[in-house]
Amino acid sequence: MQVNEYKPLIVAFCCNWCSYAGADLAGNNRLAYPADVKIIRVPCSCRVNPMFILRAFQRGADGVIICGCHPGDCHYTSGNYYTRRRMAALFSMLDFLGIERERTRVEWVSAAEGAKFAATMNDFVEKVTALGENKRLEDLRCKK
Amino acid sequence: MRKCSLDKLNLIFAEIAKDAALYLPADQTDGSAAYKKWEEGTALSDALNTVRSPKDFFFPQTEDLMKFKTQGKNIDIIDIRTALEDFVIFGVRACDVKSFDILDRVFLTEPVDSFYASRRSHGIIVSMACTRPSETCFCKTFSIDPANPAGDVSAWKSETEIFFEANTQKGEDFLNKISSLTEECDDTLVATQKEAINKIMDKLPLKNLDTSAFGGGKTNELFDSPAWAELSQSCLGCGTCTFVCPTCQCYDIKDFNTGNEVIRFRCWDSCMYSDFTKMAHGNNRLTQKERFRQRFMHKLVYYPENNDGLFSCVGCGRCLAKCPISMNIVKVMKKIGGNKSE
Amino acid sequence: MQKITREQLIEKASALLSNSTVSCVLGWGMGEFDYDVTPTTFNSVEELEKGFVFSDFCGANFSKYLVKKAAACEGKILVFLKPCDTYSFNQLLTEHRFDREKVYVVGIPCEGMADINKVKAICGEGILSIGSKGDKMTVTTLYDDEPVSIDAKEVLAERCLNCKSKKHVAFDELLGDEGDVIESNRFDEVARLEAMTPDERFAFWQNELSRCIRCNACRDACPACTCEKCVFDNPNSGVENKSPANSFEEKLFHIIRAYHVAGRCTDCGECSRVCPQNIPLHLLNRKFIKDINEFYGEYQAGAEEGQRAPLVDYTTEDLEPGEVFDRRDSDA
Numbered sequence: 001m002q003v004n005e006y007k008p009l010i011v012a013f014c015c016n017w018c019s020y021a022g023a024d025l026a027g028n029n030r031l032a033y034p035a036d037v038k039i040i041r042v043p044c045s046c047r048v049n050p051m052f053i054l055r056a057f058q059r060g061a062d063g064v065i066i067c068g069c070h071p072g073d074c075h076y077t078s079g080n081y082y083t084r085r086r087m088a089a090l091f092s093m094l095d096f097l098g099i100e101r102e103r104t105r106v107e108w109v110s111a112a113e114g115a116k117f118a119a120t121m122n123d124f125v126e127k128v129t130a131l132g133e134n135k136r137l138e139d140l141r142c143k144k
Numbered sequence: 001m002r003k004c005s006l007d008k009l010n011l012i013f014a015e016i017a018k019d020a021a022l023y024l025p026a027d028q029t030d031g032s033a034a035y036k037k038w039e040e041g042t043a044l045s046d047a048l049n050t051v052r053s054p055k056d057f058f059f060p061q062t063e064d065l066m067k068f069k070t071q072g073k074n075i076d077i078i079d080i081r082t083a084l085e086d087f088v089i090f091g092v093r094a095c096d097v098k099s100f101d102i103l104d105r106v107f108l109t110e111p112v113d114s115f116y117a118s119r120r121s122h123g124i125i126v127s128m129a130c131t132r133p134s135e136t137c138f139c140k141t142f143s144i145d146p147a148n149p150a151g152d153v154s155a156w157k158s159e160t161e162i163f164f165e166a167n168t169q170k171g172e173d174f175l176n177k178i179s180s181l182t183e184e185c186d187d188t189l190v191a192t193q194k195e196a197i198n199k200i201m202d203k204l205p206l207k208n209l210d211t212s213a214f215g216g217g218k219t220n221e222l223f224d225s226p227a228w229a230e231l232s233q234s235c236l237g238c239g240t241c242t243f244v245c246p247t248c249q250c251y252d253i254k255d256f257n258t259g260n261e262v263i264r265f266r267c268w269d270s271c272m273y274s275d276f277t278k279m280a281h282g283n284n285r286l287t288q289k290e291r292f293r294q295r296f297m298h299k300l301v302y303y304p305e306n307n308d309g310l311f312s313c314v315g316c317g318r319c320l321a322k323c324p325i326s327m328n329i330v331k332v333m334k335k336i337g338g339n340k341s342e
Numbered sequence: 001m002q003k004i005t006r007e008q009l010i011e012k013a014s015a016l017l018s019n020s021t022v023s024c025v026l027g028w029g030m031g032e033f034d035y036d037v038t039p040t041t042f043n044s045v046e047e048l049e050k051g052f053v054f055s056d057f058c059g060a061n062f063s064k065y066l067v068k069k070a071a072a073c074e075g076k077i078l079v080f081l082k083p084c085d086t087y088s089f090n091q092l093l094t095e096h097r098f099d100r101e102k103v104y105v106v107g108i109p110c111e112g113m114a115d116i117n118k119v120k121a122i123c124g125e126g127i128l129s130i131g132s133k134g135d136k137m138t139v140t141t142l143y144d145d146e147p148v149s150i151d152a153k154e155v156l157a158e159r160c161l162n163c164k165s166k167k168h169v170a171f172d173e174l175l176g177d178e179g180d181v182i183e184s185n186r187f188d189e190v191a192r193l194e195a196m197t198p199d200e201r202f203a204f205w206q207n208e209l210s211r212c213i214r215c216n217a218c219r220d221a222c223p224a225c226t227c228e229k230c231v232f233d234n235p236n237s238g239v240e241n242k243s244p245a246n247s248f249e250e251k252l253f254h255i256i257r258a259y260h261v262a263g264r265c266t267d268c269g270e271c272s273r274v275c276p277q278n279i280p281l282h283l284l285n286r287k288f289i290k291d292i293n294e295f296y297g298e299y300q301a302g303a304e305e306g307q308r309a310p311l312v313d314y315t316t317e318d319l320e321p322g323e324v325f326d327r328r329d330s331d332a
């Protein structure tokens, strides 16, 4: 039996119109993905503001993933295109500050892709687990 | 008076650091100086002064006051104050030493600020005379003598030696601790240095600042001066002047919810900010002119009114050097004070 | 070192005041010393004669002041803009931050401004006067019997060493040439950091940002930061901590500050100029500019009025966020 096995806390911002339903589908199909993935529903992936991501890290997240509709399929026509540019710039900046690039990710998961949702989360959790705890963007006050 | 050769300064630091945390101005990577905790290898900076003032030691920029934990309808209040240990601040300039007096009058009068009081009682101040004042220095205006800095121990540094003199019991004890490394001496060399400093002080461009227009009781006279609008017209509303100032003492108290508990902390606040002393109805100083006026009226009128005429400025010149638009207390004093004498 | 003199500027301003083209002038006001000039509004020829200065220390970017001052001035306001200021000017116009009709822009040539910290690093404290002639500066100090002569190039501000353009992109009138966009090495330092390991980069920024005192000067001086109410001033935002309680908050503030101006930052360098702790904040902004150039094509904010900023635009073929790193790794 392993004691105190490290389990990363993952925050997943999921678009209401696609990946949030994708997560549901994953659940309905009994596809396993770690329970430490906390899903936050957003109306569109472009609702996610850089502050959300930083504050997720502040509050103890070890990885943050944003899931939106496939490019071209946005419920609001173009939201995910903005997400794509914004997050490319933000992730590159986080990397510039020396924060591990594997801690942040954007994935396009449709409502029909329950299997992709589960696979994506499993892969992301695995990568973040390999990195260990988030030390570089942590707020010590928020540690239990 | 005791002295020792500068080669032995590091041994003195090591000796002091044995029983107390020792802080001294050290050079930073950007070329400026800041107080750093001494450890083997830390060298005393030659800079005239640090960018941040040493008020941090007694009144840190952020400080946790207490914590709350809620469970149902219960609130537990957790006292997080811990017993402090003695610490030494080495190399404080005369202006900054004076700033502690000004802060004391705010924090140590009833109701006494126990956080400040506790830090103050554990701190030992070793001051250092200024041999090369800057053009931005105007401490003489406030009767501060950079050749004779106060503090528990005063120090003078020459090219080769350092001299110490104790001013308080704490200072005596401090010098006793390092007595094996220092030797008794007379004050001829120090007297020469003092004379040299005084000569430079007489050459400083800001030596003749006139404070007669300011002081307690001048509120009505100065408050509506048309000069405030002109002086403040380019103020960006940043907090640089207040945060580098050794005598600015305004703070805000805030709660931070960590998710597990609530930390109540205080942090420096700046009267230059739009949300300074914000109340339910909003802010009582609506434009930058009023915020700007508040800062200088506080230093030059309100504070002296409540503190026996003592101005709450020590002439360290930090705001002169650091203001992004080069607006500062000297320009205010000249403009507002000057108008009156014209 | 500047090609244009105080007298020429006063003459121009006086002429425009006298023929009622403008009713006030935004210029540099004389300070206590030769280097501490303050942006000031002048309302008459007498005021100009008395307090107007122009020297190597007139670095402040006036564009942002127009947001408030153009509205406050009764008629038109005359503003002297250096080439780099005109980019901010266009950017602010693009964002409808002031009325173009209220402003009369006179473009002035700039030979690069000096950094007083660099002068002090050479000459020490106690500067009594700084004179300028040709490529030389003459500094008299309290501690040197003879004036010290220094090379003006040696004390150029960092942003002027990497000047991106001497071209005036917005003006009503020019004193001197229109100028050209010039080749600069402004991204070299960013590239140097990119080439480091993440650990080294983290250590670098940890050291730089640890000096932050959260005075907000970088934000308040920035011509791209013109929000009426900044998120960091809003007590309900949850991030309005007036001082950095820990290193997380330092990073949060600086990442968000740079991010909020990404794609709109003209790289004028005011943030680094005003920082009392000499944090190289412009590197954060330049990183965004460099990335945007590489990901979405060359873009210079403020080069033309009415441009669409890259982060509020898109194409269907854009790079995926995950590919950002693959791309750089393959370059390396």
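Residue numbers (our numbering), protein chains in the order written: chain A, 1 to 144; chain B, 1 to 342; chain C, 1 to 332.
Think of the CB as a built atom: it goes at the ideal place given N, C-alpha and C, for glycine as much as any other residue.
Please go through the same chain and pick out, in chain order, the residues whose beta-carbon is closer than 8 Å to the beta-carbon of residue i, but skip the five residues on each side of it.
i              : result
residue 51(B)  : 32, 33, 34, 244, 318 and 322
residue 98(B)  : 139, 142, 144, 150 and 314
residue 117(B) : 107 and 108
Please confirm whether residue i has its beta-carbon closer than 7 Å to some beta-carbon of chain A.
i              : result
residue 257(B) : no
residue 337(B) : no
residue 219(C) : no
residue 287(C) : yes
Check whether the Cβ of residue i lies closer than 7 Å to any Cβ atom in chain C.
i              : result
residue 243(B) : yes
residue 24(B)  : no
residue 62(B)  : yes
residue 117(A) : no
residue 135(B) : yes
residue 121(A) : no
For residue i, collect the residues of the same chain with a Cβ closer than 6 Å to its Cβ; drop the 5 residues on either side in sequence, then sort them by chain order.
i              : result
residue 20(A)  : 14 and 41
residue 338(C) : Residue 338(C) falls outside the range modelled here, since chain C spans only 1 to 332, and no answer is possible.
residue 200(C) : none
residue 84(B)  : 118 and 122
residue 237(B) : 272 and 288
residue 61(C)  : 85, 88, 223, 268 and 270
residue 348(B) : As displayed, chain B neither begins before 1 nor continues past 342, which places residue 348(B) out of reach and without an answer.
Taking residue i as part of the alpha helix (DSSP H), name the residues at either end of that continuous run.
i              : result
residue 112(B) : Note, residue 112(B): premise wrong, no alpha helix (DSSP H); not H, not E.
residue 241(B) : 240-244
residue 153(A) : Because chain A in this structure spans residues 1 to 144, residue 153(A) falls outside the shown range and cannot be described.
residue 296(B) : 288-297
Which residues in the same chain as residue i place their Cβ atom closer than 7 Å to its Cβ, once the five residues preceding and following it in sequence are excluded?
i              : result
residue 274(C) : 217, 218 and 221
residue 11(A)  : 38, 40, 56, 61 and 64
Under the DSSP definition of a beta bridge, which residues are partnered with residue i?
i              : result
residue 312(B) : Its beta-bridge partners do not exist; DSSP assigns none.
residue 62(B)  : 267(B)
residue 174(C) : 107(C)
residue 282(B) : 279(B)
residue 70(B)  : 75(B)
residue 252(B) : 267(B)
Nearest chain B C-beta to residue i closer than 7 Å, yes or no?
i              : result
residue 38(C)  : yes
residue 32(C)  : yes
residue 109(C) : no
residue 142(A) : yes
residue 59(A)  : yes
residue 242(C) : yes
Terminal residues of the continuous beta strand (DSSP E) containing residue i?
i              : result
residue 343(B) : The requested residue 343(B) does not occur in the structure, where chain B is confined to residues 1 to 342.
residue 228(B) : No beta strand (DSSP E) contains residue 228(B), which is instead part of the alpha helix (DSSP H) from 227-232.
residue 104(A) : 104-108
**Q.** Every unbroken beta strand (DSSP E) within the stretch 204-236 of chain C, with a cutoff of 3 residues, ordered by chain
**A.** Taken in chain order, no unbroken stretch of beta strand (DSSP E) lies wholly in the stretch 204-236 of chain C with a span of 3 residues or more.
Q | Entirely enclosed beta strand (DSSP E) segments - the stretch 97-170 of chain C, minimum 3 residues | A | Runs of the beta strand (DSSP E) spanning 3 or more residues and lying entirely within the stretch 97-170 of chain C occur at 103-107, 127-133, 136-141 and 148-151, in chain order.
Q) What are the uninterrupted segments assigned as alpha helix (DSSP H) that are 4 or more residues long and contained completely in the stretch 21-70 of chain C, given in chain order? A) Runs of the alpha helix (DSSP H) spanning 4 or more residues and lying entirely within the stretch 21-70 of chain C occur at 45-51, in chain order.
Q. Which runs of the beta strand (DSSP E) spanning at least 3 residues fall entirely within the stretch 5-59 of chain B, listed in chain order?
A. Correct list: 21-27 and 33-37.
Q) Of all the beta strand (DSSP E) runs that stay within the bounds of the stretch 151-210 of chain B, which reach a length of 3 or more residues? A) The beta strand (DSSP E) runs of length 3 or more contained entirely in the stretch 151-210 of chain B are, from start to end of the chain, 153-157 and 161-166.
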